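S.K.:
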Amino acid sequence: MSPVRMGRATVKGVSAAELGTRTTELSMALVSGADELDPAQVQAARRVVDKAVERSGIGGEHTVVALAGATGSGKSSLFNALVGADVATIGARRPTTSRPTAGIWGDADASELLDWLGVDARHAVDTAVPAGAPKGVPAGVPSGGGSGKGRVKAPAAVDLVGSLDGLVLLDLPDFDSRELSHRREAERVLELVDVFVWVTDPQKYADARLHDEFVSLMSQHDAVTLAVLNQSDRLTGEGVKTVGKDLSRLLVADGVTGATVLATSTVTGNGIAELKQRLANAVAGHAASRQRLKADVVGAAVRLRPGVADGEADVGAIPRDELDTSLARAAGVPIVLDAVARDYRREAFAHTGWLFARWTKGFAADPLRRLRLDRTGGRPPIPVAIDGADVRAVLGRSSIPAPSVSTVSAVDVATRAFVRDASQSLPVRWAQTVEDAVDRGEGNLTDALDRAVIGTSLRARRPVWWFTVNIIQWVLGLVALAGLVWYAVLWGFALLQLPRPETPTVGILPLPLVMLIGGVLLGLGLGVLSRFWARVGARHRRAVVGKRLSESVAAVADEHILVPIDEVLMRHRETREHLDTAVG
């Protein structure tokens with residue numbers, strides 16, 4: 083609590099800009115973190131923001147001071163003594179005050195303010211001092227009140243430093259009234275005033291019920307506070323000091339550490355002038371209203387602050403290898419990579435295998451086609467007009483086997499571990515929000531993984547060595563075919579008993595035989611060697627495509643897990659920063 087001093091020193095001012103900044107920051111904190119903060123504190127903070135906005139929007143520079151206390155404390159008599167007229171009803175029957183009564187000093191119109199306060203009973207105070215009135219003694223101080231005996235004894239003359247112009251003094255209903263409506267009215271107005279004056283008496287100043295239900299409530303409102311020990315004429319001088327010290331101790335125990343205790347008596351007039359001086363100090367500079375609003379805003383922010391942590395985890399720095407690995411298995415990436423490797427070897431055989439054995443390729447099933455995966459290096463982009471419900475109709479669905487129960491469980495465990503690391507330092511409400519934000523396999527995560535695999539290019543450029551070996555295989559195949567045809571022609575000449583042309587030789591072997599055998603053997607040998615190279619190339623292709631699929635799966639993890647978590651943490655950070663700025 084940060085009360086404004088109401089002693090001899092002038093109240094320190096709070097600028098409208100500072101108040102506006104703090105109010106805006108508190109309001110923004112409620113916007114960013116209202117769902118994760120304590121609901122009761124959020125509701126109270128919203129009332130504070132509304133009050134600050136409404137109070138700041140009311141024209142005029144008035145200071146609202148409320149006199150409140152228990153039944154029989156002489157509150158209404160003190161109000162009349164300050165106003166200088168019998169405005170508040172005083173009587174033996176309790177309670178006598180059912181609705182707030184306002185005394186207004188100065189010529190400025192306070193109608194809008196009083197309408198906002200909901201105070202209908204209004205009295206304009208005549209600040210002129212009647213002729214013959216003792217200096218420093220308020221005009222119209224009643225001769226009765228307090229203990230109800232004796233006449234007013236004029237105190238020593240005291241000059242009032244400053245002016246009460248702009249003061250709006252309220253006499254509130256009794257806080258311990260038997261009428262529940264009276265108590266609620268006092269509580270309602272108490273939340274709106276700028277300065278709070280608690281009027282008590284030697285008989286009830288230590289009443290446990292008042293301290294537990296009333297003074298503690300006063301401390302929560304962070305009002306500029308002054309405690310008045312009224313009816314001090316019932317005590318001796320030493321008794322006034324003793325009771326005053328005990329009252330101060332009780333206030334500190336109640337959390338009102340900055341309150342000031344002043345002894346007054348409407349019978350003797352003792353302390354009335356000093357009380358008016360302290361009210362004048364509060365009115366000076368017209369700062370009490372903004373100070374009260376600032377205290378309320380700061381108090382609301384302080385009470386909300388335990389609802390956020392002192393920092394947040396960096397989602398990008400949290401280890402995610404286990405999460406990405408489990409999602410890749412759930413997406414069927416190992417199955418796809420095996421199909422990619424087989425497809426590479428199959429295509430390599432189609433381009434580098436022995437020319438006369440390539441026709442057997444048709445007997446082997448296309449591994450990627452069986453999974454209904456990419457065959458052209460990437461699917462066309464999804465039209466912008468297509469929403470999530472129609473994506474599957476556009477892209478289709480792969481035939482990758484559904485993940486096993488153990489795989490799904492691994493995804494759930496990895497996701498929970500990641501969420502736990504991300505929300506390790508957060509309060510319970512924020513941690514629950516982080517957990518609720520992620521998709522652990524339900525909803526669109528499975529479809530998103532399948533679309534990621536479908537949309538990833540599983541091919542690359544054909545290797546240059548395929549083109550080179552293919553040319554060599556064609557040359558060897560044509561050579562072997564030429565040797566075979568040559569032998570066929572020679573066989574035809576022999577069958578027709580025609581003279582055969584001379585056949586060139588290579589050493590002792592006929593050239594057609596060398597061409598046929600050499601073409602076949604070299605073609606087969608190059609095909610076997612190409613199979614070995616194809617296995618090496620398949621491993622490289624598997625690594626390249628594996629990197630692409632890892633990036634696609636990581637993008638799905640970002641969209642469905644990391645980004646939702648980061649959005650919650652960002653709101654948490656914004657809420658914390660707004661609250662810290664509101665507190666200042």
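Residues in the sequence shown are numbered from 83 upward in steps of one, following this note's numbering. For every residue, glycine included, the Cβ atom is placed at its ideal position computed from N, Cα and C. What you are looking at is a predicted structure, and each value in this text was computed from that prediction instead of being measured.
#1: Smallest Cα separation from Gly185: which of Trp198, Leu196, Val207?
#2: Just the Cα atoms here: how many angstroms apart are Arg175 and Ala203?
#3: For the alpha helix (DSSP H) containing Ala504, list its first residue and its last residue.
#4: In or out: Met652 buried (at least 16 other Cβ within 10 Å) or exposed?
#5: Looking only at DSSP bridge pairs, what is His205 linked to?
#6: Leaving out five residues on either side along the sequence, give the residues of the same chain with a beta carbon under 6 Å from the beta carbon of Val650.
#7: Among residues of its own chain, excluding the 5 on either side of Gly230, which ones have a beta-carbon nearer than 7 Å to its beta-carbon?
#8: Could you give the residue range of the alpha helix (DSSP H) that holds Asp28?
#9: How about Ser632 and Gly537: do their beta carbons lie closer than 9 Å?
#10: Counting pairs of Cβ atoms below 8 Å between the region 259-267 and the region 119-137, do you hit three or more?
#11: When we look at the beta-carbon of Ser488 and count the other beta-carbons within 10 Å, is it buried (16 or more) or exposed?
#12: In this structure, does DSSP put Gly444 in helix, strand or coil?
#13: Which stretch, first to last residue, makes up the alpha helix (DSSP H) that contains Asp425?
#14: DSSP beta-bridge partners for Asp253?
#15: What three-state label does DSSP hand Val310 in the structure shown?
#16: Can you tell me whether Leu591 is helix, strand or coil according to DSSP?
#17: If you draw a straight line from the alpha carbon of Pro284 to that of Asn312, how long is it in whole angstroms?
#18: Please list, in chain order, all residues of the same chain as Arg372 whose beta carbon is under 6 Å from its beta carbon, the five residues on each side excluded.
#19: Per DSSP, what kind of secondary structure is Thr282 in: helix, strand or coil?
#20: By how many angstroms is the C-alpha of Ala382 removed from the C-alpha of Phe161?
#21: Below 8 Å on the Cβ atoms is my guess for Val124 versus Leu112; work out the distance and round it to an integer in Å.
#22: Starting from Ser243 and walking both ways along the alpha helix (DSSP H), at which residues does that stretch end?
#23: Out of curiosity, what's the CA-to-CA distance linking Thr442 and Arg427?
#24: Just list the beta strand (DSSP E) runs in the region 304-385, keeping only unbroken ones of 3 residues or longer that don't cross its boundaries, in chain order.
#25: Mind checking Pro121: buried by the 16 CB within 10 Å criterion, or exposed?
#26: With DSSP run on the structure shown, which of helix, strand or coil describes Val219?
#27: Determine which residues share a DSSP beta bridge with Val626 and list them.
#28: Counting Cβ pairs closer than 8 Å, one from the region 601-617 and one from the region 423-438, do we hit at least three?
#29: What three-state label does DSSP hand Val275 in the structure shown?
#30: Quick check on Leu603 - is its C-beta less than 9 Å from some C-beta in chain D?
#31: Counting beta carbon pairs with one atom in the region 547-554 and one in the region 571-581, are three or more of them shorter than 8 Å?
#32: For the region 593-610 and the region 413-428, state whether three or more C-beta atom pairs, one from each stretch, are separated by less than 8 Å.
#33: Could you tell me which uninterrupted beta strand (DSSP E) segments, each at least 3 residues in length, are contained entirely in the region 637-664, listed from first to last along the chain?
#34: Just mark Val567 as buried or exposed, buried being the case when its beta carbon has 16 or more other beta carbons within 10 Å.
#35: Evaluate Trp187 with the Cβ neighbour count: other Cβ atoms within 10 Å of its Cβ, from every protein chain shown; 16 or more gives buried, anything less gives exposed.
#36: Quick one: Cα of Gln506 to Cα of Thr528, how far?
M.R.: Checking against the coordinates, here is how it stands:
#1: Val207
#2: Its pLDDT being 49, under 50, Arg175 is placed unreliably by the model, and the measurement read from it follows with that caveat. The alpha-carbon atoms of Arg175 and Ala203 are separated by roughly 20 Å.
#3: 487-504
#4: exposed
#5: Gly185
#6: Thr515, Val516, Ala519
#7: Model confidence at Gly230 stands at a pLDDT of 37, short of 50, so the residue's coordinates are unreliable and nothing is read from them.
#8: Absent from the model: residue 28. The displayed extent of the chain is 83 to 666, so no value can be given.
#9: no
#10: no
#11: exposed
#12: helix
#13: 415-434
#14: Leu149, Thr183
#15: strand
#16: strand
#17: 8 Å
#18: Val96, Leu101
#19: strand
#20: 31 Å
#21: 6 Å
#22: Inspection of the sequence shows that residue 243 is occupied by Val rather than by Ser. From DSSP, Val243 is part of no alpha helix (DSSP H); its letter is neither H nor E.
#23: 14 Å
#24: 306-311, 342-345
#25: exposed
#26: Unreliable positioning characterises Val219 in this predicted model, as indicated by a pLDDT of 42, which lies under 50. A coordinate reading is not provided.
#27: BP columns for Val626 are empty, so no partner.
#28: yes
#29: coil
#30: Judged by its chain identifiers, the structure shown contains no chain D, having just a single protein chain.
#31: no
#32: no
#33: none
#34: exposed
#35: buried
#36: 27 Å
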